[in-house]
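The listed protein sequences correspond, in order, to chains G and C.
Position one of the first sequence corresponds to residue 1 (our numbering), numbered consecutively onward.
Position one of the second sequence corresponds to residue 113 (our numbering), numbered consecutively onward.
All C-beta atoms in this analysis are idealised placements derived from N, C-alpha and C, irrespective of residue type, glycine included.
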Amino acid sequence: DAGITQSPRHKVTETGTPVTLRCHQTENHRYMYWYRQDPGHGLRLIHYSYGVKDTDKGEVSDGYSVSRSKTEDFLLTLESATSSQTSVYFCAISPTGPTEAFFGQGTRLTVV
Amino acid sequence: DQQVKQNSPSLSVQEGRISILNCDYTNSMFDYFLWYKKYPAEGPTFLISISSIKDKNEDGRFTVFLNKSAKHLSLHIVPSQPGDSAVYFCAATDAGGGNKLTFGTGTQLKVEL
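Take a look at the structure:
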């Protein structure tokens, strides 16, 4: 199994509070991704990174920011959480080139 | 705009029979396609892939077929087993697009005894 860890695994937070989710990898893969999974939508890309300090937006990036200061860590921040951001968040990693991505176990975030 | 579509939200198949899961895409730049399997409370896991230069790829009980002219791919599972019951996601990428995957909405497969 690919070495990828998400933390926390579960979180309940209040509307308007900031939240940071962490993705940590031990594979030294170049690419890292944050997806959210919602019923009827499948997995949608929030942000991705193609190297340290190199990030770009995905299809549902509004309300989210990311940072990657080290190869192994990719942080997803909700600056001010809203109920529409209640979801399951998955981090994924991938080496260079068109190939499969490896996913973490997911973080279930509930915004109340 | 859904670039990868899985029009069947669910599929029920008897154990031992063939399961066929379908996927359509609209972006002609996609050149690599993957199937992922997801169990509840777990992350998706890679199942099988196919490059656009091929029309078939087989791995044990799993075969993926690609019809580029129709922008359609399918996953065949033969024979189906109860452990195959999961959500299956189709995904696509293009080599020049940051290697990011675009996913379909998933098909829930239930293999019944």
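Ignore the nearest five residues each way along the sequence and tell me which others in residue i's own chain have a CB closer than 8 Å to its CB.
i: E298 of chain C; result: For residue 298 of chain C there is no data in the structure shown, the boundaries of chain C being 113 and 225.
i: S120 of chain C; result: L133, N134, T219
i: D56 of chain G; result: H47, Y48, S49, Y50
Report the option in the options whose CA atom is closest to the CA atom of residue i.
i: N211 of chain C; options: G:G51, G:D62, G:D73, G:T110; result: G:G51
i: T217 of chain C; options: G:Q85, G:C91, G:G40; result: G:G40
i: T17 of chain G; options: G:T86, G:T107, G:G106; result: G:T86
i: T157 of chain C; options: C:F201, C:L221, C:T214, C:T205; result: C:F201
i: F215 of chain C; options: C:Y144, C:K180, C:S131, C:L123; result: C:Y144
i: W34 of chain G; options: G:P95, G:T99, G:T96, G:V88; result: G:V88
i: D73 of chain G; options: G:L45, G:C91, G:A81, G:S80; result: G:C91
i: T13 of chain G; options: G:T71, G:E79, G:D54; result: G:E79
Are the beta-carbon atoms of residue i and residue j separated by less than 8 Å?
i: Y148 of chain C; j: A207 of chain C; result: no
i: G63 of chain G; j: Y48 of chain G; result: no
i: G155 of chain C; j: G42 of chain G; result: no
i: F177 of chain C; j: D167 of chain C; result: yes
i: K180 of chain C; j: T138 of chain C; result: no
i: S69 of chain G; j: T77 of chain G; result: no
i: T131 of chain G; j: S83 of chain G; result: The structure shown has nothing for residue 131 of chain G, since chain G only spans 1 to 112.
i: L159 of chain C; j: S197 of chain C; result: no
By Cβ distance below 7 Å, which residues in the same chain neighbour residue i in space, the five residues on each side in sequence not counted?
i: I93 of chain G; result: A2, I4, Q25, E27, H29, Y31, M32, A101, F102
i: P152 of chain C; result: none
i: T71 of chain G; result: N28, V52
Tell me which same chain residues have a C-beta within less than 6 Å of the C-beta of residue i, skipping the five on either side of it?
i: L75 of chain G; result: T20, R22, S67
i: A146 of chain C; result: The sequence given here has Leu at residue 146 of chain C, not Ala. Correct list, in chain order: S161, A203.
i: H10 of chain G; result: R108
i: Q37 of chain G; result: L43, V88
i: S122 of chain C; result: Q220
i: S163 of chain C; result: Y144
i: L213 of chain C; result: A203, T205
i: D171 of chain C; result: I160
i: R129 of chain C; result: S192
Quick one: what's residue i bridged to in DSSP?
i: A101 of chain G; result: In DSSP, A101 of chain G forms no bridge with anything.
i: E170 of chain C; result: C:T175
i: D73 of chain G; result: G:H24, G:K70
i: K222 of chain C; result: C:S124
i: V111 of chain G; result: G:T13
i: T214 of chain C; result: C:A204
i: D196 of chain C; result: For D196 of chain C, which the question treats as bridged, DSSP gives no partner whatsoever.
i: I160 of chain C; result: C:W147
i: Q118 of chain C; result: Q118 of chain C is not bridged to any residue.
i: R36 of chain G; result: G:R44, G:Y89
i: G51 of chain G; result: G:D54
i: H188 of chain C; result: C:I132, C:T175
i: T82 of chain G; result: Paired residues: none, contrary to the question.
Can you give me the C-alpha to C-alpha distance between residue i and residue j, rounded to a whole angstrom?
i: Q115 of chain C; j: V111 of chain G; result: 29 Å
i: H188 of chain C; j: M141 of chain C; result: 24 Å
i: N169 of chain C; j: S7 of chain G; result: 36 Å
i: T205 of chain C; j: S186 of chain C; result: 16 Å
i: L45 of chain G; j: K117 of chain C; result: 15 Å
i: V199 of chain C; j: D113 of chain C; result: 22 Å
i: T136 of chain C; j: I165 of chain C; result: Rather than Thr, the amino acid found at residue 136 of chain C in this sequence is Asp. Each residue's Cα considered, the two are about 17 Å apart.
i: K150 of chain C; j: K53 of chain G; result: 31 Å
i: V125 of chain C; j: S131 of chain C; result: 6 Å
i: G106 of chain G; j: T96 of chain G; result: 23 Å
i: T99 of chain G; j: A81 of chain G; result: 33 Å
The ligand ZN heavy atoms versus the CB of residue i: any closer than 7 Å?
i: N119 of chain C; result: Ligands in the displayed structure: none, and consequently the ligand ZN is not present.
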